[in-house]
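Residue numbers (our numbering): 20 to 741.
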């Protein structure tokens, strides 16, 4: 921690002293941190922004989460290719809120750990991403305890020069995973309406890591690894068999990890009076995505997300500082699995229908700004399960309970307000508060009549306060304190879910999770340098954690619901959730951009996190190591650029008990790693753009901490866009 702090202090304070202090004329405006337009330099919070200009150079990504992997304080975890889950300050899953054009993507079925849903946002439609690092509960409600990711998609522009139309086309090829992608669409622009339609198809082959092999090792049930199959990465492509642990086997190409997907989006903007009506549609289809860590460990013969589909329809009307949004979101998720050397295939199918309405009003009052609003989201589930014998085709069982009881519902209603106050010419404050009412209903009687219909609800009040002060020209200091809140969801209380530790069973007794966070930092902006450094401390109360069912019901008779699940999954641990833990997470994040010359720019960031269970002193799950990125961008001409960059992380051998049972994490922890990478692009006639990249130039075999697959080996990428 001490060495990391020294690096941060050097980056934060020494570098600005070496450059001009003349202020930059152009402000970078963000929306997500305060729900209204605000200069990033005067925002008392940590915010990452992936701009449209940067996206033009990051277009080598395969999924949307990969667009965040070079940002400070954000880790884009991948359990299996085709998916991706953002970690913000070591929280992910249902602790991190994802928005699409301010519409909530999260619903009450999101899992606590890494999930796949950010990857269902069409990559080609992304125009900008803003990330609030730190709790956004007072502005965005439940699910925003760790942070907020707002994905802003492309919008067609109005034309003042009559009717116009232009087509789009994109082609991409990559070597290490045999990726093939094609996209196309068109935009129509007129004085009072504008239309944008795009679609893409992507086919990706199996992961080919760098030089070496993975060694998979079964462990004893009485070991700290509790019988999990653990991975050891070996840089030798042909390790002698006698050097392998007993019962181990090796893997070169990671298979099955191949997948394909279809995405589409459309957006229509129409001027109505003094305002603008926007209609949007977004679709994603992934027919079969294999869960590699389940199959590679020989726990399952087959395990697929089949299908993973999503549709979002929304209408937004905005006039001045007032807006109202209506949305319908349909998330269809299937699981197809068959255990190792078994003939019974289980199919679980869950569809979540989410209706949403939100309204917001922002008004300027002299030098101050006031924002008030309301939100309501309602989830309704359709769910079923079928067991079938793969040899005879016979249906063995069919029930109206997939991962969740059929007909389950969850809703939350919110009122929020925020004041942005100009205290003096050099000091500003931001104060916010939110009221939340939530309710859950689910019929558990189909598994055990003794449980009956589960109904639960509650209220929550959260707030935040931030202060930012201009110390000297080009240097702002800030501090904030904010509360976090997360209501128990259907995933917490009613799911029967396969995890890397065992099987999660319904837990209708849960209370909300709460947190309190403090953050302080500095922001810098001058003619040649801009950057920030932030220190944060978060304490989470009533943290939901897994408890073995035998331990939870010690001295009591285990209810029939849990005995039935144990009978269906012999020799697999069954867990319930309980609010028994408190955790502390603290860390430092730093980022900077130095304009060395007119054509040369240096970027860098660094993130360091430490977390622990207050009661036991154990590290928190999937604690991220020291990690960072350095990029050097050369722009020799107006439409040409070359960028060399290094990504890497230190080793992480601080493992929680859950990490030791997790097959995604290597046996002795994750070794440190780095990759050298090069990418370049140039403009062509007729508005075309050609881009080229070489990733992992040294062909190193590595795995990022918490990943379910290795990083790609040496990867040649070429892309053509118009």
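In this text, a Cβ means the ideal position worked out from N, Cα and C, and glycines have one as well.
Please read these numbers as outputs of a predicted model, since none were measured by experiment.
Taking its Cβ as the centre, do 16 or more other Cβ atoms sit within 10 Å of residue i, making it buried, or is it exposed?
| i | result |
| --- | --- |
| residue 312 | buried |
| residue 41 | In this predicted model, residue 41 has a pLDDT of only 40, less than 50, meaning its place in the structure is not dependable; the value taken from the coordinates is given anyway. Classification for residue 41: exposed. |
| residue 714 | buried |
| residue 721 | buried |
| residue 725 | buried |
| residue 417 | exposed |
| residue 44 | Low local confidence applies: a pLDDT of 39 at residue 44 is under 50, so the model's placement there is unreliable, and no value is given. |
| residue 335 | buried |
| residue 338 | exposed |
| residue 705 | exposed |
| residue 728 | buried |
| residue 707 | exposed |
| residue 643 | buried |
| residue 222 | exposed |
| residue 247 | buried |
| residue 735 | exposed |
| residue 257 | exposed |
| residue 97 | buried |
| residue 362 | exposed |
| residue 84 | buried |
| residue 315 | buried |
| residue 39 | The pLDDT assigned to residue 39 is 39, lower than 50, so where the model puts this residue is not dependable; a value taken from the coordinates is nonetheless given after this. By the neighbour-count rule (16 or more Cβ atoms within 10 Å), residue 39 is not buried but exposed. |
| residue 175 | buried |
| residue 87 | buried |
| residue 118 | buried |
For my contact list, residue i and residue j are in at a C-beta cut-off of 8 Å; report their separation, rounded to the angstrom.
| i | j | result |
| --- | --- | --- |
| residue 218 | residue 204 | 6 Å |
| residue 530 | residue 511 | About 10 Å separates the two Cβ atoms, so there is no contact after all. |
| residue 626 | residue 92 | 5 Å |
| residue 490 | residue 498 | That belief does not hold up - the Cβ atoms of residue 490 and residue 498 are roughly 12 Å apart, past 8 Å. |
| residue 601 | residue 558 | 7 Å |
| residue 226 | residue 276 | 5 Å |
| residue 153 | residue 538 | 6 Å |
| residue 787 | residue 614 | The structure shown does not extend to residue 787, since the chain spans only 20 to 741, so no value can be given for it. |
| residue 344 | residue 121 | 7 Å |
Ends of the beta strand (DSSP E) at residue i?
| i | result |
| --- | --- |
| residue 533 | 532 to 544 |
| residue 337 | 319 to 338 |
| residue 296 | 294 to 305 |
| residue 634 | Looking at the DSSP string, residue 634 is not in any beta strand (DSSP E), and its letter there is neither H nor E. |
| residue 219 | 212 to 223 |
| residue 235 | 232 to 237 |
| residue 311 | Not the beta strand (DSSP E): residue 311 falls in the alpha helix (DSSP H), residues 311 to 315. |
| residue 646 | 646 to 656 |
Measuring CA to CA, which of the options is closest to residue i?
| i | options | result |
| --- | --- | --- |
| residue 3 | 145, 55, 47 and 48 | Residue 3 lies beyond the range of the chain shown here (20 to 741); nothing can be said about it. |
| residue 763 | 61, 369, 78 and 301 | For the chain, the structure presents residues 20 to 741; residue 763 sits outside this window and is missing. |
| residue 637 | 615, 611, 672 and 494 | 672 |
| residue 473 | 513, 126 and 314 | 513 |
| residue 156 | 323, 483, 105 and 358 | 483 |
| residue 661 | 685, 642 and 709 | 709 |
| residue 284 | 209, 221, 388 and 145 | 145 |
| residue 349 | 126, 687 and 271 | 126 |
| residue 409 | 359, 426, 399 and 352 | 359 |
| residue 367 | 404, 253 and 319 | 404 |
| residue 443 | 425, 481, 488 and 411 | 488 |
| residue 604 | 187, 632, 623 and 332 | 632 |
| residue 352 | 308, 732 and 198 | 308 |
| residue 590 | 567, 597 and 575 | 567 |
| residue 254 | 236, 265 and 228 | 228 |
| residue 106 | 117, 425, 94 and 431 | 94 |
| residue 689 | 641, 700, 657 and 655 | 641 |
Verify the CB distance criterion: does residue i have a CB-CB separation below 8 Å to chain B?
| i | result |
| --- | --- |
| residue 425 | Included in the structure is just one protein chain, with no chain B present. |
Go to residue i, then tell me how far its alpha helix (DSSP H) extends in each direction, as first and last residue.
| i | result |
| --- | --- |
| residue 615 | Where residue 615 is concerned, there is no enclosing alpha helix (DSSP H), given that its DSSP letter is neither H nor E. |
| residue 510 | 509 to 513 |
| residue 179 | Residue 179 -> no alpha helix (DSSP H), and no H or E assigned at all. |
| residue 582 | 579 to 587 |
| residue 71 | 71 to 74 |
| residue 465 | From DSSP, residue 465 is part of no alpha helix (DSSP H); its letter is neither H nor E. |
| residue 569 | 568 to 571 |
Is there at least one non-hydrogen atom of the ligand ZN closer than 7 Å to the beta-carbon of residue i?
| i | result |
| --- | --- |
| residue 80 | Of the ligands one can find in the structure shown there are none, so the ligand ZN has no counterpart to examine. |
- Counting Cβ pairs closer than 8 Å, one from the segment 228 to 248 and one from the segment 277 to 284, do we hit at least three? no
- Task: May I ask you to verify whether the segment 446 to 453 touches the segment 461 to 474, counting CB pairs closer than 8 Å and requiring at least 3?
- Result: no
- Query: Does the count of Cβ pairs from the segment 127 to 135 and the segment 285 to 296 closer than 8 Å reach three?
  - Reply: no
- Query: Contact between the segment 386 to 403 and the segment 366 to 377: three or more CB pairs below 8 Å?
  - Reply: yes
- Could you tell me whether the segment 674 to 691 touches the segment 166 to 177, where touching means 3 or more Cβ pairs closer than 8 Å? As far as the Cβ criterion goes, the segment 674 to 691 does not touch the segment 166 to 177, which means the pair count is below three.
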